[in-house]
Amino acid sequence: MTILLRSGITEKKVKRQLNVQYLASAVQVHGDQVTVVKDITSDQEYKDTDALITGQKGVGLLIQQADCQAVLLYDPQRKVIGAVHSGWKGSVANIIAKTVRAMQEHFGTSPGDLRAVISPSLGPCCAEFVHYEKELPLPFHQWQVTANYFDFWAISRWQLKEAGVRDENIEAMGICTVCNEDFFSYRRASKTGDLLGKPGITGRNGSTISLPIE
Numbered sequence: 001m002t003i004l005l006r007s008g009i010t011e012k013k014v015k016r017q018l019n020v021q022y023l024a025s026a027v028q029v030h031g032d033q034v035t036v037v038k039d040i041t042s043d044q045e046y047k048d049t050d051a052l053i054t055g056q057k058g059v060g061l062l063i064q065q066a067d068c069q070a071v072l073l074y075d076p077q078r079k080v081i082g083a084v085h086s087g088w089k090g091s092v093a094n095i096i097a098k099t100v101r102a103m104q105e106h107f108g109t110s111p112g113d114l115r116a117v118i119s120p121s122l123g124p125c126c127a128e129f130v131h132y133e134k135e136l137p138l139p140f141h142q143w144q145v146t147a148n149y150f151d152f153w154a155i156s157r158w159q160l161k162e163a164g165v166r167d168e169n170i171e172a173m174g175i176c177t178v179c180n181e182d183f184f185s186y187r188r189a190s191k192t193g194d195l196l197g198k199p200g201i202t203g204r205n206g207s208t209i210s211l212p213i214e
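Just so we're aligned, residue 1 is where the sequence shown starts under this note's numbering, counting upward by one.
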């Protein structure tokens, strides 16, 4: 689930909407740290991390983004979930593969069992990288769609497949946050000079995944 985080939306409201007991939030730094969430009895924030994984029921994993991707992972066999914040720096570091490996190591996940969803995020129509030769590794260049534009949805799909996730189990929502004003976009707001977006919007989208309470 991807939601627009508006001012006045409390953690209590988010938890009620998701039907979860606790929220585990990543305090993101555009790095590649993966954190295991376990045995929590209250809402928690995890500093300096960009991916969370858990097998604890009733816990919502929350990723915040404003053009970056949230990649949500679900293992229906082991009943394990993951939430990944992947901007271009995270893509370069391949945080997606590192999260899949962490799910294997900590929970015994088989990558072929995973279901993955790529959230609304920067689309190939708007993912401009003027200095891409310095910023993006050579393998990424095969997804260059026009002069300085890249398809990061395709890059993430490739990274998921390379990590062992089956293509038929990967869904990219295909919604560009720059083009679609239902979502906050840092790039769009930077051009308009309105970094807070519309009235009442905090300047972030939130993507969440949880295991239901039985």
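Note that CB positions come from ideal geometry on N, CA and C, so glycine has one too.
- [ ] Count the other CB atoms, across all protein chains shown, that sit within 10 Å of the CB of Gly112; report buried if there are 16 or more and exposed otherwise.
- [x] exposed
TODO: Classify Cys176 as buried or exposed, calling it buried when 16 or more other Cβ atoms lie within 10 Å of its own Cβ.
DONE: The residue is buried, with at least 16 neighbouring Cβ atoms inside 10 Å.
Task: Complete runs of the alpha helix (DSSP H) confined to the segment 74-151 [at least 4 residues] - done: Whole alpha helix (DSSP H) segments, 4+ residues: 88-93, 95-107, 132-135.
Open item on the list: By DSSP's criteria, Ser25 is part of a beta bridge. Which residues make up the other side?
Closed with: Glu45, Leu62
Task: Expected contact under 8 Å - CB spacing of Asp43 and Gly31 to nearest Å - done: Incorrect: roughly 22 Å between the Cβ atoms, too far for contact.
Task: Contacting residues, own chain, Cβ-Cβ under 7 Å from Arg188 (five flanking each side not counted) - done: Val178
- [ ] Below 6 Å CB to CB, which residues in the same chain sit around Ile209 once its five sequence neighbours on both sides are set aside?
- [x] Leu61, Leu72, Ile81, Ala83
Open item on the list: Can you tell me where the beta strand (DSSP E) holding Thr35 begins and where it ends?
Closed with: 34-37
TODO: Enumerate in chain order the residues of its own chain whose CB-to-CB distance from Phe221 is below 7 Å, with the five nearest sequence positions on each side excluded.
DONE: There is no way to answer for residue 221, as the model of the chain reaches only from 1 to 214.
- [ ] Starting from the C-beta of Gln33, find all residues in its chain whose C-beta is less than 8 Å away, skip the five residues before and the five after it, and write them out in chain order.
- [x] Asp48, Thr49, Asp50, Ala51
TODO: Could you check what DSSP says for Gln17 in three-state terms: helix, strand or coil?
DONE: helix
Task: Three-state secondary structure assigned by DSSP to Gln159 - done: helix
Open item on the list: What would DSSP say about Glu214, mapped onto helix, strand or coil?
Closed with: coil
- [ ] Give me whichever residues DSSP pairs with Gln69 in a beta bridge.
- [x] Ser86
Open item on the list: Measuring straight from C-alpha to C-alpha, what distance separates Ile170 and Val59?
Closed with: Straight-line Cα distance between these residues: approximately 23 Å.
TODO: Pull up the distance between the alpha-carbon of Tyr46 and that of Gly55, whole angstroms please.
DONE: 16 Å
- [ ] Closer than 6 Å by C-beta to His106: which residues in its own chain qualify, once you throw out the five before and the five after it? Chain order, please.
- [x] Val36
- [ ] Could you tell me if Lys15 is buried or exposed, where buried requires 16 or more neighbouring beta carbons within 10 angstroms of its beta carbon?
- [x] Buried: at least 16 other Cβ atoms inside 10 Å.
Open item on the list: Which same chain residues end up closer than 8 Å to Glu162 when comparing Cβ atoms and leaving out the 5 residues on each side of it in sequence?
Closed with: Ala97
Open item on the list: Need the endpoints of the beta strand (DSSP E) that Thr177 sits in, please.
Closed with: Looking at the DSSP string, Thr177 is not in any beta strand (DSSP E), and its letter there is neither H nor E.
Task: Other residues of its chain near Gly108: CB distance less than 8 Å, five sequence neighbours each side excluded - done: Within the same chain, Gly108 has close Cβ partners Arg78.
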